[in-house]
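Protein chains in written order, with our numbering: chain A, 1262 to 1358; chain B, 99 to 352; chain C, 1216 to 1298.
C-beta: ideal position from N, C-alpha, C; glycine also.
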Amino acid sequence: MTHPIRRRLDAGDDPQAAERGLASLVLTIVELLRELMERQALRRVEEGTVTDEQAERLGCTLMRLDERMNELVEEFGLEREDLNLDLGPLGTLLPKE
Amino acid sequence: MTHEGVWVYAIADHAGGDVFLPAGVAGTLVRAMTAGGLTALASNVDLAEFGEAALRRNLENLAWLEEVARAHHDVVHAAAGLFPVLPARFATVYHGDASMAAAFAERGDQLRAALARVGGRMEWGVKVYALPIERGAEQVATRSAEPGAGMAYLKRRQSEISAKRQSSRTAVASAREVHVGLSGHAASTRLYPPQAPALSGTKDPMLLNAAYLLDAGGAARFASVVADAAAAHPDLRLDLTGPWPPYSFAGQEA
Amino acid sequence: MAAVLVRRAGSLTGAACGRVPAELPRDFPAERVALVDLLDRVLAEGVVVTGEITLSIADVDLVTVSLRALLASVSTLNRQEGR
């Protein structure tokens, strides 16, 4: 079932709000990718298809990405939870696990 | 000359006589029309606004929908406080009294049965939310440069994810338990899809959105049952709304 | 928490069947229900419309959703519950 989902960017009187709206949209995509990468990495570590060294490198990269997300989110006056893209009645894009 | 239709609010078990109700949709007068032992609460409406084509257009306009839905609800709710009612399906518009009477005559037995089933009963809504779990409250002093930091991060994320999954399963099971418990105190129940955060107005995920049909006079006891359920499940937040006219049960088969 | 139905007693004069006295306040009953909860109930029986609506609730502009998707999700759930 396809349906148009758009986030309303309210430029209005507050250009910062528009910037924040745009930032949250972009960061949401980034966060989605980060989370998908993280899940895949965890799965591979669980399955044992990566060496300890690879796991260590993956972990460091992901950790740094996670830290960077915190920084970016703070820069735009957002919170990590704001990045959960809401599809309305169909639930959130990033599962609450 | 405007073309008039008839907007129906509800079928009432009411012999006739004075009826004091708020104004209806588009500020119209609400009247009671008795036919075949059934009383319909209805308003004359302009088909330019309430005809089929116009409705399709207007129902897409949330401002219009809100105003009309609230006006409709005000009438149904007021009526339900006066006598047993069977709420009509929202946006039921006939082309005239005659066609309304004919439709009621045709479905008279069904309507009477439905009215007997829900008339005099009110519904109460319960929404159950999962209370938030803190994400990784442990801002561990693991610095990126430390050896083994990557592995430690992965392990931490793994246990966070399992913990969340587990608490989510627990919360869902809790909500189900609450629903089963409350259903035992109701004549009938109906589930609605949980409202997304954008609609519910809270970030806490909604786990249950249910309507419970109660006998007249059952409200106080139900409220205390809900309070007990809330106390028994500290991982959940329960939200009780009501009384509602029995909207959620008007369309069901006996 | 729960709304209590308050019947307004008052000196409402008798009128012909169904006539509405002007004194009855527009926002009767006293407590205003949440629009989403009301729409859950009144839209539940399959009012079929298409198109987009913008939900503005509590003065916050949120995502634009398709009303059809909203209604479709309602009917899906009802089917799942065997109704």
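Handout entry: Residue from A:Leu1283, A:Glu1317, A:Val1287 and A:Asn1331 with nearest C-alpha to methionine 249 of chain B
Key = A:Glu1317
Practice task
Verify the CB distance criterion: does methionine 131 of chain B have a CB-CB separation below 8 Å to chain A?
Solution key: no
Handout entry: Assigned exposure category for leucine 1297 of chain A - 16 Cβ within 10 Å defines buried
Key = Using a 10 angstroms sphere on the CB of leucine 1297 of chain A, the tally of other CB atoms stays under 16, which defines it as exposed.
Practice task
Within 10 angstroms of the Cβ of aspartate 1274 of chain C, are there 16 or more other Cβ atoms? Answer buried if so, exposed if not.
Solution key: Only weak support is given to the placement of aspartate 1274 of chain C: the predicted model assigns it a pLDDT of 27, under 50, and the value that follows is read from those uncertain coordinates. Aspartate 1274 of chain C comes out exposed.
Handout entry: Beta-carbon proximity list for alanine 1237 of chain C, same chain, < 7 Å, skipping 5 on both sides
Key = Residue placement at alanine 1237 of chain C is flagged as unreliable, the pLDDT there being 38, under the threshold of 50; the coordinate-derived value follows with that caveat. Excluding sequence neighbours, alanine 1237 of chain C sits near nothing in its chain.
Practice task
Say whether chain C places a C-beta atom closer than 8 Å to the C-beta of leucine 209 of chain B.
Solution key: no
Handout entry: As assigned by DSSP and simplified to three states, the class of valine 183 of chain B
Key = strand
Practice task
Return the CA-CA distance between tryptophan 105 of chain B and leucine 209 of chain B, expressed in angstroms with no decimal places.
Solution key: 17 Å
Exercise for the section: Identify the continuous alpha helix (DSSP H) that holds alanine 151 of chain B and give its terminal residues. Expected result: 150 to 156
Practice task
Throw me the rounded Cβ distance for the valine 173 of chain B and valine 128 of chain B pair, which I believe falls under 8 Å.
Solution key: 6 Å
Exercise for the section: Would you mind giving the Cβ-Cβ distance between aspartate 1327 of chain A and serine 1285 of chain A, rounded to the nearest angstrom? I have them listed as a contact below 8 Å. Expected result: About 17 Å; that fails the 8 Å criterion.
Practice task
Please decide whether alanine 247 of chain B counts as near chain A, where near means a Cβ-Cβ distance under 8 Å.
Solution key: yes
Problem - Proximity test, Cβ basis, 8 Å: glutamate 236 of chain B and chain C - result: Reliability fails at glutamate 236 of chain B, whose pLDDT of 49 lies under 50, so the model's placement of it is uncertain and the value that follows must be treated cautiously. Glutamate 236 of chain B has a beta carbon lying at 8 Å or more from every beta carbon in chain C.
Practice task
Since I believe leucine 305 of chain B is in contact with valine 356 of chain B (beta carbons under 8 Å), could you give me their beta-carbon distance rounded to a whole number of angstroms?
Solution key: Outside the modelled stretch of chain B, which goes from 99 to 352, sits residue 356 of chain B, for which no answer is possible.
Practice task
Let me know the secondary structure DSSP gives glycine 1320 of chain A once reduced to three states.
Solution key: Reduced to three states, the DSSP call for glycine 1320 of chain A is helix.
Exercise for the section: Please confirm whether leucine 213 of chain B and aspartate 111 of chain B have their CB atoms less than 8 Å apart. Expected result: Cβ distance < 8 Å, so leucine 213 of chain B and aspartate 111 of chain B count as in contact.
Exercise for the section: With glycine 206 of chain B as the anchor, note down where its alpha helix (DSSP H) starts and where it stops. Expected result: 206 to 216
Problem - Members of the segment 254 to 276 of chain B that neighbour chain A once the beta carbon cut-off is set at 8 Å - result: Arg255, Gln256, Ile259, Lys262, Arg263 and Ser266
Handout entry: Neighbour flag for lysine 301 of chain B against chain A, beta carbons, 8 Å
Key = yes
Problem - Neighbour flag for alanine 170 of chain B against chain C, beta carbons, 8 Å - result: For the record, residue 170 of chain B in the displayed sequence is histidine; it is not alanine. Yes - at least one Cβ of chain C is within 8 Å of the one on histidine 170 of chain B.
Handout entry: Interface flag, arginine 1318 of chain A vs chain B, CB-CB below 8 Å
Key = yes
Exercise for the section: Could you please tell me which residues of the segment 320 to 345 of chain B, in chain order, have their CB closer than 7 Å to any CB of chain C? Expected result: Ala321, Leu338, Thr339, Gly340, Pro341, Trp342 and Tyr345
Practice task
Drop a sphere of 10 angstroms on the beta-carbon of isoleucine 109 of chain B, count the other beta-carbons inside from all chains shown, and report buried for 16 or more, exposed for fewer.
Solution key: So isoleucine 109 of chain B ends up on the buried side.
Handout entry: Through-space distance from tyrosine 227 of chain B to glutamate 1332 of chain A, alpha-carbon basis
Key = 30 Å
Practice task
Would you grab the beta carbon distance between alanine 178 of chain B and methionine 220 of chain B for me? Rounded to a whole angstrom, and I think it's under 8 Å.
Solution key: 7 Å
Exercise for the section: Quick one: list the residues of chain B neighbouring valine 1311 of chain A, beta-carbon separation under 7 Å, in chain order. Expected result: Neighbourhood of valine 1311 of chain A in chain B, by CB distance below 7 Å: empty, with the nearest CB roughly 10 Å away.
Practice task
Give the straight-line distance between the Cα atoms of asparagine 156 of chain B and tyrosine 107 of chain B, rounded to the nearest whole angstrom.
Solution key: 18 Å
Handout entry: Per-residue DSSP class, three states only, for threonine 190 of chain B
Key = coil
Practice task
Tell me, please, whether the segment 278 to 297 of chain B touches the segment 254 to 261 of chain B by the rule of three or more beta-carbon pairs shorter than 8 Å.
Solution key: no
Practice task
Determine the chain C residues that contact alanine 167 of chain B at a beta-carbon separation under 7 Å, and present them in chain order.
Solution key: Near alanine 167 of chain B (Cβ distances below 7 Å), the residues of chain C are Leu1253, Leu1254 and Val1257.
Handout entry: chain A within 8 Å of alanine 352 of chain B, Cβ atoms only
Key = Note that alanine 352 of chain B scores 37 on pLDDT, short of 50, meaning its location in the model is unreliable; the coordinates nonetheless yield the value given after this. Not an interface residue.
Practice task
Would you verify that the beta carbon of leucine 353 of chain B is, or is not, closer than 8 Å to some beta carbon of chain A?
Solution key: The question about residue 353 of chain B has no answer, for chain B in this structure spans 99 to 352.
Practice task
Would you verify that the beta carbon of tyrosine 107 of chain B is, or is not, closer than 8 Å to some beta carbon of chain C?
Solution key: no
Exercise for the section: Quick one: using the 10 Å Cβ neighbour count with 16 as the cut-off for buried, is valine 1287 of chain A buried or exposed? Expected result: exposed
Practice task
Would you mind telling me which residues of chain B sit closer than 7 Å to glutamate 1360 of chain A, beta carbon to beta carbon, in chain order?
Solution key: Outside the displayed span of chain A (1262 to 1358) sits residue 1360 of chain A, for which this structure offers no information.
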